[in-house]
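K.L.:
2 protein chains.
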Amino acid sequence: MAHLSPPDINALKAGLLAGNRASLSQAITLCESSLRLHQELSLNMLEELLPHGGKSIRIGVSGIPGAGKSTFIEALGMELIEKHQKKVAVLAIDPTSEQSGGSILGDKTRMDDLSRNHNAFIRPTATSTQLGGVGQYTQAAIILCEAAGFDVVIVETVGVGQSEISVNKMVDVFLLLQIVGAGDDLQGMKRGILECVDLLVINKADGELKQKAQLEAANLKNALHLFPQKHSGWSRQVKTCSSIEKKGITDIWNAIEEHQQYLKSSGKFEVQRKQQTDAWFVDLQNNCLFDFIHTQPSVQALLIKTRAEISSTNSNPLGLVREMKIALKELFFRK
Amino acid sequence: MAHLSPPDINALKAGLLAGNRASLSQAITLCESSLRLHQELSLNMLEELLPHGGKSIRIGVSGIPGAGKSTFIEALGMELIEKHQKKVAVLAIDPTSEQSGGSILGDKTRMDDLSRNHNAFIRPTATSTQLGGVGQYTQAAIILCEAAGFDVVIVETVGVGQSEISVNKMVDVFLLLQIVGAGDDLQGMKRGILECVDLLVINKADGELKQKAQLEAANLKNALHLFPQKHSGWSRQVKTCSSIEKKGITDIWNAIEEHQQYLKSSGKFEVQRKQQTDAWFVDLQNNCLFDFIHTQPSVQALLIKTRAEISSTNSNPLGLVREMKIALKELFFRK
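Residue numbers (our numbering), protein chains in the order written: chain P, 1 to 335; chain C, 1 to 335.
(1) What residues from chain C crowd round P:L299, counting only those whose CB sits closer than 8 Å?
(2) In whole angstroms, what separates the C-alpha of C:N203 from that of C:L76?
(3) By alpha-carbon positions, which one of C:A120, C:G267 and C:T306 ends up nearest to C:I154?
(4) If you compare alpha carbons, which of C:L320, C:G68 and C:E146 is closest to C:A308?
(5) Along chain P, which residues have their Cβ under 7 Å away from the Cβ of C:G54?
(6) Suppose you measure from the CA of P:E79 to the CA of C:S235; what does that come to, to the nearest Å?
(7) Measuring alpha carbon to alpha carbon, tell me which of P:C196, P:L49 and P:Q85 ends up nearest P:Q139.
(8) Just the chain B side, please: which residues come within less than 8 Å of P:F121 by C-beta, in chain order?
(9) Checking contacts by CB at 8 Å: is P:H225 closer than that to chain C?
(10) Anything in chain C within Cβ reach of P:N325, meaning under 8 Å, just list it in chain order.
(11) Following the continuous beta strand (DSSP E) through C:I93, name the residue where it begins and the one where it ends.
(12) Got a sec: is the Cβ-Cβ distance from P:L284 to anything in chain C below 8 Å?
(13) Spell out whether any CB of chain C is found under 8 Å from the CB atom of P:E32.
(14) Are three or more beta carbon pairs between the stretch 247 to 266 of chain P and the stretch 294 to 307 of chain C nearer than 8 Å?
(15) Taking only beta-carbon positions, decide if C:T138 is within less than 8 Å of chain P.
(16) Could one say the Cβ of C:L332 lies closer than 8 Å to chain P's Cβ atoms, at least one of them?
(17) Can you say whether C:N222 is buried or exposed, counting buried as having 16 or more other CB atoms within 10 angstroms of its CB?
(18) For P:A327, which residues of its own chain have a beta-carbon under 6 Å away from its beta-carbon, when the five flanking residues on both sides are left out?
(19) Give the interface partners of P:N316 over in chain C, defined as CB-CB distance under 7 Å, in chain order.
(20) Quick one: list the residues of chain C neighbouring P:V321, beta-carbon separation under 8 Å, in chain order.
(21) For C:A11 and P:F332, I'd like the C-alpha separation in whole angstroms.
(22) Using the Cα positions of C:L144 and C:V61, report the straight-line distance between them to the nearest angstrom.
(23) Pull up the DSSP beta-bridge partners for C:G60, would you.
(24) If we count the other Cβ atoms within 10 Å of its Cβ and call it buried at 16 or more, is P:L226 buried or exposed?
(25) What does the alpha-carbon distance come out to for the pair C:P228 and C:T157?
(26) I'd like to know if the stretch 236 to 244 of chain P and the stretch 203 to 217 of chain P are in contact, where contact means that at least 3 CB-CB pairs between them fall below 8 Å.
(27) Chain P partners of C:L328, CB-CB under 7 Å?
(28) Closer than 8 Å by C-beta to P:K247: which residues in its own chain qualify, once you throw out the five before and the five after it? Chain order, please.
(29) Evaluate C:E330 with the Cβ neighbour count: other Cβ atoms within 10 Å of its Cβ, from every protein chain shown; 16 or more gives buried, anything less gives exposed.
(30) Cutting at 8 Å between CB atoms, please list the residues of its own chain near C:D112, excluding the five before and the five after it.
(31) For P:K13, I'd like the list of residues in its chain whose CB is within less than 7 Å of its CB, leaving aside the five on either flank, ordered along the chain.
(32) Decide yes or no for the touch test of the stretch 271 to 278 of chain C against the stretch 166 to 182 of chain C: beta carbon pairs closer than 8 Å, at least 3 of them.
(33) Which residue from P:T250, P:A255 and P:I249 puts its Cα closest to that of P:Q237?
(34) Are the beta-carbon atoms belonging to P:L194 and P:A67 less than 8 Å from one another?
(35) Should C:S298 go down as buried or exposed, given a rule of 16 or more other Cβ atoms within 10 Å for buried?
(36) Counting along the chain, where does the beta strand (DSSP E) carrying C:K239 start and finish?
Rendered as structure tokens:
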């Protein structure tokens, strides 16, 4: 990838538009690259592919570890492929992959059936290490999947925090998976997450837990009434399912389609998509600003100098930053 | 707070150094303010208070919702106050508070005993909305708590993701709470989180679950051997406890002290603290750079112009960002 040149980009684009999954994968890698040349190339590529994006249903799936997200996504994905002739892309956001250098060992094989299917594409996406967080890369990856012809893009988040709030800003519908017995009240679930939810799914409703799940669903439905409505005006729904027994999956897909219909008939779909684009734009702008100042040779020299100071002495970081502010003004306004 | 002037800052500092909790709270609010004047004031205040910081044991406590973090922190905190005459500060990071405008309803009352105790201080801390993430504010809040005389600072994170990785970079010891029955293998726990862990605590080991907890602890101990050692060379420990019955808490505190001893006697404590300062410095630097460019009047005008364009037309965000890059160069290098 290191020596990718503009002609390669054309081949990459053509492959991607033809639905080639290897090209799609390579294009996402290019967008995630921190190399300056790659960034230039990928932004240009994205810009050209932008008109081919936007046509999928974008679904956010979240839930705490152990909620069964992978099994659920596999069940939903296979149903969509087999019964509805859809092409399904799964973007798994792993905010913890920084330390282990991007390795999410074992995760690739979690969705066995889906990962072997030609109409599916599974890909962990990186979170930005410094700025823009989840937003920038995932938004780009969604558009690339859409340009490659995927009808449904599922964005999976592993955490219960910042990532979900970000993902909510880039999907059409947001599903939160709960497990039976996690409590029939809303304790433990943060208010901020609940505000994102369009569809609350109680997973693992199988065997002896089936009845308990239904009871919990009823209680959760009541509890959800206490929350302010979604901005879209949609009334949050609660569903139960068993991903392993593949029960309740159709029902959930129907609710997703109903939600999509609701957004479209009320004119809110376009509004929401526009908001997504605007939020992405702010991310891109902020990155552009930071990148501009950060890569100025004079600023680089200043950073190297102050980082050497903090390493070599016991000088306080706040004092150094104060000095840096003064130095920045001098750099840009001396003339 | 809107018209806080430098003399007020002196009173605030004096109050904080005298251990006044209201002053401490106000100082943290000042640091979290997005107002430019407040930022200037708070950075200067922090710089002056910096020599008074650094003296606490900094403990990170993480775990998925439902793991019983609040009950555990209350049990540990009360034990430290009552048996060890410590002053305990709890900084609760809530990455989801953005959308609901900072409200974390009900959370304040979760730690009943602790919140009523004069030797405790409980405070939710904001995560940055744009840059620097968790790091900048929490690091500042830790130092303020230390300057106010708190011997133990507990940083609680609600998520299982980005926040934990960030918190790991600013604490001495990192505890992960698990609940019994969450599985005796390490499935569902992300590798990146496990790499942070110094002490794995199986909570809710009470009643009929006690024996199961001990079995799981033994299995987890074995599983942890498969992970690379912590950078510090410390061998991760696994403990069980019942926060409700207040059992096992002393044992956990002993392990924390043992870990602290290990770091200090091996000379790694200073190294780790230095790394924390360096990481904070990079956060501060990046924020300083972004803030510098972002607040230039010419850049502000450019941002307003391009944001109006994206709102009024269907122009693509990537094209607008490309144009912005060119405009930035002209702004700063025209002369």
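Glycine included, every Cβ here is placed at the ideal spot set by N, Cα and C.
P.N.:
Checking against the coordinates, here is how it stands:
(1) The sequence as given places Val at residue 299 of chain P; Leu does not occur at that position. Within chain C, the residues near P:V299 are L289.
(2) 12 Å
(3) C:A120
(4) C:L320
(5) Simply none; closest approach about 11 Å.
(6) Looking at the two C-alpha atoms, the distance is approximately 45 Å.
(7) P:L49
(8) Looking at the structure shown, chain B is missing, and the protein chains on hand are P and C.
(9) no
(10) A small fix is needed here, since residue 325 of chain P is Lys in this sequence, not Asn. Residues of chain C passing the Cβ test: C288 and F292.
(11) V88 to I93
(12) yes
(13) No, P:E32 lies away from the interface with chain C (no Cβ there is under 8 Å from its Cβ).
(14) Touching, no, given that fewer than three Cβ pairs across the two stretches are closer than 8 Å.
(15) no
(16) Checking the displayed sequence, the identity of residue 332 of chain C turns out to be Phe instead of Leu. C:F332 counts as touching chain P.
(17) exposed
(18) Closer than 6 Å at the Cβ level, and outside the excluded window around P:A327, lie L302.
(19) E47 and L50
(20) L43, F281, L284, Q285 and C288
(21) 37 Å
(22) If I take the Cα positions, the gap works out to 19 Å.
(23) Answer by DSSP bridge pairing, in chain order: C:V155 and C:F174.
(24) exposed
(25) In this structure, the straight-line span from the alpha carbon of C:P228 to that of C:T157 is close to 24 Å.
(26) yes
(27) F292
(28) A205, D206 and C241
(29) Under a 10 Å Cβ-count criterion, C:E330 is classified as exposed, with fewer than 16 other Cβ atoms of the shown protein chains found around its own Cβ.
(30) E74
(31) M45, E48 and L49
(32) With a cut-off of 8 Å on Cβ pairs, the stretch 271 to 278 of chain C is in contact with the stretch 166 to 182 of chain C, counting three or more such pairs.
(33) P:A255
(34) Contact: no.
(35) exposed
(36) Q237 to T240
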